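> Please see the structure below; I have some questions.
2 protein chains.
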Amino acid sequence: MSIDIDAVKTYLLGLQDTICAALAEEDGGQGFLEDSWERPGGGGGRSRVLEEGPVFEKAGINFSQVFGEGLPASATAHRPELAGRSFQALGVSLVIHPRNPYAPTSHANVRFFIAEKPGEAPVWWFGGGFDMTPYYGFEEDCVHWHQTAKAACDPFGADVYARYKKWCDEYFYLKHRDEPRGIGGLFYDDLNEWGFAQSFAFMRSVGDHYLQAYRPIVARRKDQVYGERERDFQLYRRGRYVEFNLVYDRGTIFGLQTGGRTESILMSLPPYVKWRYNWQPQPGSPEAELYELYLKPREWLA
Amino acid sequence: MSIDIDAVKTYLLGLQDTICAALAEEDGGQGFLEDSWERPGGGGGRSRVLEEGPVFEKAGINFSQVFGEGLPASATAHRPELAGRSFQALGVSLVIHPRNPYAPTSHANVRFFIAEKPGEAPVWWFGGGFDMTPYYGFEEDCVHWHQTAKAACDPFGADVYARYKKWCDEYFYLKHRDEPRGIGGLFYDDLNEWGFAQSFAFMRSVGDHYLQAYRPIVARRKDQVYGERERDFQLYRRGRYVEFNLVYDRGTIFGLQTGGRTESILMSLPPYVKWRYNWQPQPGSPEAELYELYLKPREWLA
Chain H
33 MSIDIDAVKT YLLGLQDTIC AALAEEDGGQ GFLEDSWERP GGGGGRSRVL EEGPVFEKAG
93 INFSQVFGEG LPASATAHRP ELAGRSFQAL GVSLVIHPRN PYAPTSHANV RFFIAEKPGE
153 APVWWFGGGF DMTPYYGFEE DCVHWHQTAK AACDPFGADV YARYKKWCDE YFYLKHRDEP
213 RGIGGLFYDD LNEWGFAQSF AFMRSVGDHY LQAYRPIVAR RKDQVYGERE RDFQLYRRGR
273 YVEFNLVYDR GTIFGLQTGG RTESILMSLP PYVKWRYNWQ PQPGSPEAEL YELYLKPREW
333 LA
Chain L
33 MSIDIDAVKT YLLGLQDTIC AALAEEDGGQ GFLEDSWERP GGGGGRSRVL EEGPVFEKAG
93 INFSQVFGEG LPASATAHRP ELAGRSFQAL GVSLVIHPRN PYAPTSHANV RFFIAEKPGE
153 APVWWFGGGF DMTPYYGFEE DCVHWHQTAK AACDPFGADV YARYKKWCDE YFYLKHRDEP
213 RGIGGLFYDD LNEWGFAQSF AFMRSVGDHY LQAYRPIVAR RKDQVYGERE RDFQLYRRGR
273 YVEFNLVYDR GTIFGLQTGG RTESILMSLP PYVKWRYNWQ PQPGSPEAEL YELYLKPREW
333 LA
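Structure representation (structure tokens):
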């Protein structure tokens, strides 16, 4: 199978449809609003957002296809020599912020890049993954999340889950807090050594496993009773999400650097956030437990 | 006058005291809490924070003196050749977030850097300024703010205000929003061409004029009646403040890069923030007026 950008695009648009339909059903509210947009420099996207739903306080699922003249350094970690090439980038990116503090935030992204230069062979690669950020820790949720991540990887090699799980722990890390963003999942980038067909199959496997990983967790947490204390902690912890996305996230920085559509890029930011100076959880509390047991890289399937 | 770091330090500590005392009085609540901290790499600071006061929802005023081995690129815009030198940085930095949406957020910073290398003369410079970010526009407030900024500059040369006012407009700009952070004020950096004594006098003039610029504005807005609509807009606009500080601000990035004390650096973030997808103000509303008349670089003293 040679490089087939149309097949990637068709898959991504379908993935966006499937995830939106399932999450709208889980939400039980008015569903997603759609905004299509064009990028002045070339390309565009289809943003879908659900705000103030019964279950999801904010859910953003964005498809984009962007053409550009000069690939910025943030696009590829390991191939600075490609910076400056003309490129095309296609992807689906989503962040889901439930209202209930017992239901975790989740993020998924699958993307395909192709960088071209006259007289040379195109260079392409896939990247993506999914990761979860709980406010309160539930071991069974984390185990289910990682089991599903492993199921997405296993057909592609015995060590794939372990490798991309580790990369996820390393990537979603707030250096200035010395703290992971959440309990991880999968992260991969610069993937092309399997050839196009197999790499594209892996994109589909990751994309298709996201709902299986996330939906059952939301389903069992969305009606769990909570109070002001839990809500307050959720808003405080959401601040870390903002810090990560604006300071470290490669996709956010790539989007802002390439003149992407700001509202679609920043759709990932939580709807409502608090910062408090030097706050620390009470020892022995469920909030302290999150830091001690969940916000540490851990082998969930050991 | 030769380089006198102790004099700078004494001035900065006194400035922090003066500003804290005046703002605590304006607030009428419990005043500031103080945290002293040491930086593992060398140096430390004195953070003062007031949270949930009657007038100020969050006010952070931080003194710090930091020693480091390798000067990061973010420390100086125009002298990349200094990167890697050992350095000392002293400064006072503050951000004030009033509760009342009619009262603007303000920021001020004055700082002194000295970069050393064995066998070479030390290189030093001053930087700083102050700027204001209103949620609702009041022409008289903006004029007063800029008049005071000009008064701080005028003894140092006829073109100083104009130059540093322009630099402020350029610096406090959110490229991804195509929008200034607020109505500006003063910004300067890499200042040493006046010699140490005069440059230090300018630091004092900027530092000493901040309260004259800000306090009367807070005093006349802090009790102005507002409703949920104004509060909501304030929380939404505060999102821009977070975006600027985490994506662009040199001081924030310098602090995080040099292993600064995260809680003191991020003291600048607003206490309570909202993001809403693709929100636009109603044409003809006071919120639209902010964008049209105030969030544009303007000559306030023309």
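Going down the list, the protein sequences come from chains H and L. Its first residue numbered 33, the first sequence is counted upward by one per residue in the numbering used here. Its first residue numbered 33, the second sequence is counted upward by one per residue in the numbering used here. Glycine residues also receive a C-beta, built at the ideal position from the N, C-alpha and C atoms. Everything numeric in this text was worked out from a predicted model, so none of it was measured.
1. Please name the residues in the segment 198–217 of chain H whose beta-carbon is closer than 7 Å to at least one beta-carbon of chain L, in chain order.
2. Looking at the strands, I want to know which residues DSSP matches up with residue 95(H).
3. Residue 357(H) CB to nearest chain L CB: under 8 Å?
4. What three-state label does DSSP hand residue 380(H) in the structure shown?
5. Below 6 Å CB to CB, which residues in the same chain sit around residue 61(L) once its five sequence neighbours on both sides are set aside?
6. Ends of the alpha helix (DSSP H) at residue 208(L)?
7. Please go through the segment 144–193 of chain H and give each complete beta strand (DSSP E) segment of 3 or more residues, from N-terminal end onward.
8. Does any residue of chain L have a CB that is nearer than 8 Å to the CB of residue 67(H)?
9. Looking at residue 181(H) and residue 233(H), is the spacing between their C-beta atoms short of 8 Å?
10. With distances taken Cα to Cα, identify the nearest neighbour of residue 54(L) among 278(L), 272(L) and 241(L).
11. Which residue wins for smallest C-alpha separation from residue 322(L), given the options 265(L), 204(L) and 250(L)?
12. For chain L, is any of its Cβ atoms less than 8 Å away from the one on residue 227(H)?
13. What are the start and end residues of each continuous alpha helix (DSSP H) run of 4 or more residues lying completely inside the segment 236–320 of chain H, in chain order?
14. Can you pull the chain H residues whose beta carbon is under 9 Å from the beta carbon of residue 28(L), in chain order?
15. Indicate whether residue 248(H) and residue 89(H) have their beta-carbon atoms separated by less than 8 Å.
16. State the Cα-Cα distance for the pair residue 102(L) and residue 331(L), rounded to the nearest angstrom.
17. With C-beta atoms as the reference, is residue 206(L) less than 8 Å away from residue 272(L)?
18. Cβ atoms of residue 123(H) and residue 44(H): under 8 Å apart, would you say?
19. So, helix, strand or coil for residue 90(H), using DSSP?
20. Since residue 304(H) meets chain L, which of its residues come closer than 9 Å, beta carbon to beta carbon?
21. Between residue 294(H) and chain L, is there a C-beta pair that is closer than 8 Å?
22. In three-state DSSP terms, what is residue 138(H)?
23. Can you say whether residue 175(H) is buried or exposed, counting buried as having 16 or more other CB atoms within 10 angstroms of its CB?
24. Using 8 Å as the threshold, is the C-beta distance between residue 268(L) and residue 166(L) below it?
25. So, does the segment 145–157 of chain H touch the segment 115–129 of chain H, judging by three or more C-beta pairs under 8 Å?
26. Starting from the beta carbon of residue 298(H), find every residue of chain L whose beta carbon is closer than 9 Å, and list them in chain order.
27. Is residue 36(H) helix, strand or coil by DSSP?
28. Could you check whether the Cβ of residue 124(H) sits closer than 8 Å to any Cβ belonging to chain L?
29. Would residue 83(H) pass as an interface residue toward chain L - the criterion being a Cβ-Cβ separation below 8 Å?
30. Relative to chain H, which residues along the segment 85–109 of chain L have a C-beta separation below 9 Å, given in chain order?
31. Under three-state DSSP, which class holds residue 66(L)?
32. On the DSSP bridge assignment, give the partners of residue 220(H) in chain order.
33. Go ahead and pull the three-state DSSP assignment for residue 73(H).
34. Is it true that the CB of residue 214(H) sits closer than 8 Å to the CB of residue 163(H)?
35. Taking its Cβ as the centre, do 16 or more other Cβ atoms sit within 10 Å of residue 135(L), making it buried, or is it exposed?
Judging by the given coordinates:
1. 208 and 209
2. For the purposes of this step, residue 95(H) is taken as the residue at position 63 of the first sequence. Residue pairing from DSSP places residue 95(H) in a beta bridge opposite 78(H) and 124(H).
3. In this structure chain H extends from 33 to 334, so residue 357(H) is not present and cannot be described.
4. Only positions 33 to 334 of chain H appear in this structure, which leaves residue 380(H) out of reach.
5. Here residue 61(L) is taken as the residue at index 29 of the second sequence, counted from 1. Closer than 6 Å at the Cβ level, and outside the excluded window around residue 61(L), lie 85 and 86.
6. On the second sequence, residue 208(L) is found 176 positions in, with the first residue counted as 1. Looking at the DSSP string, residue 208(L) is not in any alpha helix (DSSP H), and its letter there is neither H nor E.
7. 155–165
8. In the first sequence, the residue the question calls residue 67(H) occupies position 35. At least one chain L Cβ lies under 8 Å of residue 67(H).
9. The residue given as residue 233(H) occupies position 201 in the first sequence. The residue given as residue 181(H) occupies position 149 in the first sequence. It is not a contact, given that the beta carbons lie outside the stated cut-off.
10. Taking the second sequence and counting its residues from 1, the one referred to as residue 54(L) is at position 22. When each option's Cα is compared against that of residue 54(L), the closest is 241(L).
11. The residue given as residue 322(L) occupies position 290 in the second sequence. If we check each option's Cα against that of residue 322(L), 265(L) comes out closest.
12. Translated into the one-based positions of the first sequence, residue 227(H) becomes position 195. No, no contact with chain L.
13. Contiguous alpha helix (DSSP H) elements confined to the segment 236–320 of chain H occur at 260–279, 282–289 and 294–297, taking only those with 4 or more residues.
14. No answer is possible for residue 28(L): the residues shown for chain L start at 33 and end at 334.
15. Within the first sequence, the letter at position 216 stands for residue 248(H). Within the first sequence, the letter at position 57 stands for residue 89(H). Going by C-beta atoms, residue 248(H) is not nearer than 8 Å to residue 89(H).
16. Numbered from its first residue, the second sequence carries residue 102(L) at position 70. Numbered from its first residue, the second sequence carries residue 331(L) at position 299. Residue 102(L) and residue 331(L): Cα-Cα distance of roughly 40 Å.
17. By one-based count along the second sequence, residue 206(L) stands at place 174. By one-based count along the second sequence, residue 272(L) stands at place 240. A contact, by the Cβ cut-off of 8 Å.
18. Taking the first sequence and counting its residues from 1, one reaches residue 44(H) at position 12. Taking the first sequence and counting its residues from 1, one reaches residue 123(H) at position 91. Contact: yes.
19. Within the first sequence, residue 90(H) is the residue found at index 58, counting from 1. Looking at residue 90(H) - three-state DSSP - the assignment turns out to be strand.
20. Counting from one through the first sequence, the residue named residue 304(H) turns up at place 272. Per Cβ cutoff of 9 Å: 267, 304, 305, 306 and 307.
21. By one-based count along the first sequence, residue 294(H) stands at place 262. Yes, residue 294(H) lies at the interface with chain L (some Cβ there is under 8 Å from its Cβ).
22. The count along the first sequence starts at 1 and reaches residue 138(H) at position 106. In the three-state scheme derived from DSSP, where H, G and I count as helix and E and B as strand, residue 138(H) is classed as strand.
23. Within the first sequence, residue 175(H) is the residue found at index 143, counting from 1. Burial call: exposed.
24. Within the second sequence, numbered from 1, the residue matching residue 268(L) stands at position 236. Within the second sequence, numbered from 1, the residue matching residue 166(L) stands at position 134. No. Outside cutoff.
25. yes
26. By 1-based counting over the first sequence, the position of residue 298(H) is 266. What residue 298(H) touches in chain L: 208, 271, 275, 307 and 309.
27. Along the first sequence, one-based indexing puts residue 36(H) at 4. Residue 36(H) falls in the coil class under three-state DSSP.
28. The count along the first sequence starts at 1 and reaches residue 124(H) at position 92. It does not: the Cβ of residue 124(H) has no partner Cβ on chain L nearer than 8 Å.
29. To locate residue 83(H), count along the first sequence from 1; it is residue 51. Output row for residue 83(H): interface = yes.
30. 90 and 92
31. For this step, residue 66(L) is matched to residue 34 along the second sequence. In this structure, residue 66(L) counts as strand in the three-state DSSP scheme.
32. Position 188 of the first sequence, counted from the first residue, corresponds to residue 220(H). Bridge pairing for residue 220(H): 160(H) [DSSP].
33. Start at 1 with the first residue of the first sequence, and residue 73(H) comes out as number 41. Residue 73(H): coil per DSSP, three-state reduction.
34. Reading the first sequence from its first residue, position 131 is the one you call residue 163(H). Reading the first sequence from its first residue, position 182 is the one you call residue 214(H). Result yes, Cβ atoms of residue 163(H) and residue 214(H) sit closer than 8 Å.
35. Here residue 135(L) refers to the residue found at position 103 when the second sequence is read from its first residue. With 16 or more Cβ atoms within 10 Å of its Cβ, residue 135(L) is classed as buried.
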